[in-house]
Each structure stands twice: as structure tokens, then as C-alpha cells.
Amino acid sequence: VTEFCVFNDLNPSLSVYCVQNLEQLRLVNTNLTILPEIKNFQRLQSLIIDTDNGVIDQHLPSEIGQLGSLLALKLSNITYLEDLPNEIEYWTKLQSLILIGIPNFNKIPDEGFGKLSQLTELRFIDLPNLSNIPSTINNLQSLQQLEINKTNINSLDLENLYSLKSILISLNPNLISLNMKNLSLVATISVTYNQQLKTMTLENLPKLYISEFYSLSSLEEISFENVLSLSTISIVSNPKLKSISFINIPTIKSLILSECELTTFPESILTLKSLQTLNMKSNKLSALPLTFSTDLPNLKILNLENNQFQGYIFQPPLIYVRELYLNDNSFTFIDGIGKYKSLSILQLNKNQISSIPLEITGISPTLTRLFIENNLLTDIQYSMVNMRSLNVFYARNNSIPLEKRTALEQLFARARKAFHV
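Residue numbers (this note's numbering): 2 to 422.
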């Protein structure tokens with residue numbers, strides 16, 4: 002027998018400890034405790050214990066360290082367990098360590114933990130009393146996947162982990178600082194719902210491609226430096242964000258920086274020369290830098306919905322932008338729109354615009370969609386029907402007289418254009 006499973010057995014036999022050739026042992030919802038005799042399983046490669054019904058003590062027997070062939074350990078829903086023994090240092094072949102839902106777990110042995118040299122997967126999930134991840138985590142040079150979720154840690158420094166590929170850190174209510182440096186293979190990072198996190202640093206992550214940072218309600222500072230492959234950054238719902246820094250981020254294509262209550266435009270964004278999409282909706286911005294267009298020559302999509310812009314549309318014109326989303330602001334004039342020579346989609350719903358200047362026909366070759374609903378329009382020029390690329394035009398909920406609306410609808414219908422007023 003090389004595989005053995007005890008499932009939903011509240012009176013299991015201890016004879017399982019006599020099956021010395023076991024390679025896989027799974028104990029699920031059983032009252033079988035862990036005895037020193039576990040050392041008999043010298044060939045055991047996988048040990049899974051899920052729901053112990055309180056029979057496992059606060060400490061595992063030190064003899065568990067004698068499982069020299071162990072490749073994977075998963076412990077979940079263990080009622081009283083508080084720690085792992087120092088003898089885990091002898092698990093020299095261990096590749097996967099997963100701890101889930103262990104309410105009293107509070108200690109990882111520093112020295113032994115750092116000797117798990119073959120560990121590739123590490124997951125600490127729902128360990129509410131675990132307040133410290135040993136610094137020896139940075140000795141785990143084979144580690145590829147890291148997840149830390151629902152713990153009580155207050156800081157985490159990850160450095161020089163040259164095999165690490167993915168990081169997921171979520172729902173750690175007391176985490177204050179997070180630093181990630183010299184992680185040469187990390188491709189994805191997700192940091193979400195850590196409500197006390199204030200500072201975060203990402204430095205020398207040459208392979209990082211996608212990063213997301215959501216619902217960090219206390220985040221004040223975040224910096225990116227020498228992140229050479231990064232394509233997408235998502236920073237969403239971080240209302241206390243004060244400082245964001247970008248240094249040497251040469252490949253960034255998409256930046257989402259929304260719902261952060263920013264009142265001024267972060268100047269460091271202007272260094273992102275490869276940026277193509279910028280989403281800063283639901284902030285409190287009222288102005289863009291004068292060099293915005295020249296500093297971001299590759300920017301094609303700009304979303305500034307639900308901010309505090311007012312008065313005239315941006316000047317100097319955003320000559321490279323193809324899609325411009327300005328809903329839910331307080332713009333009153335779009336004079337100068339004729340100089341937005343690349344514009345294909347323009348959304349201006351819920352502003353205070355009273356007229357569409359005739360110069361808009363100057364972007365007839367490019368403008369395909371125009372949305373200007375819920376404004377103060379009293380008239381629309383008939384000549385807009387002749388804008389050859391414009392095929393969708395929505396202008397509902399304005400103050401255009403019924404007779405004019407009817408005439409416009411007929412003209413646009415003849416031109417086979419979608420017009421709603």
C-alpha cells in the first residue's frame with residue numbers, strides 16, 4: 002500500500018502507522034492524531050490533513066521532521082496547532098507547503114524555515130494569529146509561487162528571490178509596509194484589500210509584466226523603479242494615495258489609477274513614454290500639465306471621467322489621443338476641439354456644454370463616435386451630418402427644440418448614421 006486516505010472517520014485505527022511504505026497519506030475530517038510514530042513513513046511524499054476535529058495538539062511531534070522524502074505538506078482547518086517544529090529543517094526535498102484555516106497558528110521556526118531549499122510553492126491562508134514571516138524566507142531560492150492571505154503580519158520584505166514568479170498578498174488587516182526588491186523572475190503581483198498598508202516599494206523586477214493594487218484604503222506611497230518589462234499597472238480604490246513614483250519603467254502600456262481621490266496630476270506619469278492607455282477616472286483632478294501631450298506621445302486612450310475639470314477642454318490640444326472619455330465633469334466649452342486631429346471617440350456626457358463649435362467638422366476624417374448627453378445644448382449644426390466618419394452621435398437629454406431634433410433625426414437617418422437626440 003502506497004496511498005492511504007482516512008475520510009469522515011471519527012474512530013480511525015492507529016494501525017495506519019504500521020503501513021511503512023506509504024507515499025501519500027490524506028486525513029480528512031477524522032479524529033486521527035499525529036503520533037511520534039509518523040517517523041515510520043520514510044517514503045512519504047505527500048501529507049494532507051484537513052479538519053482534525055481538535056485532536057491534533059498545539060505542537061506537532063518533532064519526529065515529523067524525519068519525513069525526509071516529503072515533497073508536499075498541506076494542513077487545513079486544524080483547531081489548536083500553534084506552530085511547526087524546528088525539525089522542518091530536515092525536509093530538504095519539500096516542494097510545497099500550504100497552511101490554511103489554522104486559527105491558533107502563530108510561529109514559523111526561523112532557521113528551519115530558511116533551509117527549505119527546494120520549496121517552490123508557499124501559501125499561508127487564513128492564519129489570523131501569524132504576525133511574522135521570518136526574514137529567512139529570502140533564503141528560499143527555489144520558491145516560485147507565494148500567497149499570503151488573511152494573516153496578522155505587519156511588514157514583509159521580499160528580496161533576492163531569484164526563482165519567484167508570482168506574488169499574491171491579500172486581506173492582511175495589519176500589514177503596513179511591503180517591499181519587493183531584486184526579484185528577477187516575478188511576472189505577476191497582486192496586492193489587494195490590505196487595509197492598513199501605507200507604503201509599498203517595487204525595485205529591480207525585470208520580468209514583472211502585470212501588477213494590480215486594489216482597495217488599499219491607507220496606501221500613501223508607492224514606487225516603481227527598474228521594472229523593465231511591466232506592461233500593465235492597476236492601482237484602484239486607494240483614497241489616501243499621496244505619492245506615486247516611476248523610475249525607469251520603459252515598457253508600460255496601460256496605467257489604471259482610479260478612485261484614489263488625487264487632486265493633482267502625478268508628474269512622474271509624464272516619464273512613461275511608452276504609455277498607450279491612461280485611466281484616471283473618479284479622482285479629483287482639475288488640470289493636466291501643459292506638457293501632457295508632448296510628454297506622452299504614444300498615449301491613445303485617456304479616461305478622465307468623474308473628476309473636477311471645468312471650463313474649456315484641454316489646451317494645448319491632445320493631438321495624439323484617439324479615445325477621450327470626459328463624462329461627469331464640469332466642462333462648459335469645447336472650443337479648440339478641431340485641433341484634436343487623432344480623435345476617434347469623444348465622450349462628454351454629464352457636463353455643462355451649451356454648444357458644439359463648428360470647428361468640430363475639422364476632425365471629420367477621424368471622429369467616429371460622439372456622446373454629449375445630459376448637457377445644456379440648445380442647438381446642433383446641420384453640417385455635422387456631413388462629417389464623413391461620424392457614425393454614432395448621442396445627444397439625448399439636452400434642450401434642443403423638438404422641431405430641430407426631428408429634422409436632425411431625419412437627416413442622420415438618410416445618411417445611415419446612428420443619431421439619438
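Even for Gly, the Cβ is constructed at its ideal location relative to N, Cα and C.
For residue 113, the uninterrupted alpha helix (DSSP H) run begins and ends at 111-114, by DSSP. Distance from residue 210 to residue 232 at the Cβ level is roughly 5 Å; contact confirmed, criterion being Cβ atoms closer than 8 Å. Counting C-beta pairs closer than 8 Å gives three or more between the stretch 344-364 and the stretch 377-386, which meets the contact rule. Excluding the 5 residues flanking it on each side, residue 342 has same chain C-beta neighbours closer than 6 Å at 320, in chain order. At the C-beta level, residue 198 and residue 169 stay beyond 7 Å of one another. Within 10 angstroms of the beta-carbon of residue 260 lie 16 or more other beta-carbons, which makes it buried. The alpha-carbon separation between residue 148 and residue 335 amounts to approximately 49 Å. In the DSSP annotation of this structure, the continuous segment of the beta strand (DSSP E) that includes residue 73 starts and ends at 73-77.
Cβ contact annotation for residue 374 (same chain, cutoff 7 Å, sequence separation greater than five): 350, 395, 396, 397, 398, in chain order. Shown here, residue 406 sits in a helix according to DSSP, grouped into three states. The C-beta separation of residue 93 from residue 115 comes to about 12 Å, leaving the pair out of contact by the 8 Å criterion. Less than 7 Å divides the Cβ of residue 306 from the Cβ of residue 328. For the options 38, 9, 302, 11, the alpha carbon positioned closest to that of residue 20 is the one of 38. If you draw a straight line from the Cα of residue 82 to the Cα of residue 16, it is about 23 Å long. If you draw a straight line from the Cα of residue 238 to the Cα of residue 389, it comes to about 40 Å.
A distance of 7 Å or more separates the beta carbons of residue 359 and residue 325.
Contiguous beta strand (DSSP E) elements confined to the stretch 200-282 occur at 200-204, 211-215, 222-226, 233-237, 244-248, 255-259, 278-280, taking only those with 3 or more residues. Exposure of residue 265 is indicated by the presence of fewer than 16 other C-beta atoms within 10 angstroms of its C-beta. Residue 193 is a Cβ neighbour of residue 171, given a cutoff of 7 Å. The beta-carbon distance between residue 393 and residue 415, rounded to whole angstroms, is 16 Å. This is too long to meet the 8 Å contact definition. The beta-bridge partner set that DSSP reports for residue 303 consists of 279, 325.
If one requires a minimum length of 3 residues, the beta strand (DSSP E) runs lying completely within the stretch 88-142 are 97-101, 122-128, in chain order.
In this structure, the alpha-carbon of residue 234 lies about 40 Å from that of residue 386. For residue 178, the uninterrupted beta strand (DSSP E) segment begins and ends at 178-182. The C-alpha of residue 52 lies about 31 Å from the C-alpha of residue 159. Note that the C-beta distance between residue 310 and residue 294 is not below 7 Å. Ranking 48, 332, 290 by CA distance to the CA of residue 308 puts 332 first. A direct Cα-Cα distance of roughly 39 Å separates residue 69 from residue 230.
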